[in-house]
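First comes the structure, then the notes that go with it.
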Amino acid sequence: MKEKIEEEVWYRDEDYKQISLLSFIAGFFVFIFKRFVKP
């Protein structure tokens, strides 16, 4: 039972890292776009 819970936490942590990385990349592209591509 304990091992299963730890495994689920590990999967959630991996998902969170992936989501935060995608958010960081998206935010970075938006920053570059707003700074260099002026309307």
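So the sequence shown is numbered by my numbering: it starts at 194 and just counts up by one. Note that CB positions come from ideal geometry on N, CA and C, so glycine has one too. Fair warning: this is a prediction, and the values are worked out from it, not measured in the lab.
Does V223 come out as helix, strand or coil in the three-state DSSP assignment? Helix at V223.
DSSP state of K210 mapped onto helix, strand, coil: Of the three classes helix, strand and coil, the one that applies to K210 here is helix, per DSSP.
For G220, which residues in the same chain have their Cβ closer than 8 Å to its Cβ, ignoring the five residues on either side in sequence? Closer than 8 Å at the Cβ level, and outside the excluded window around G220, lies no residue.
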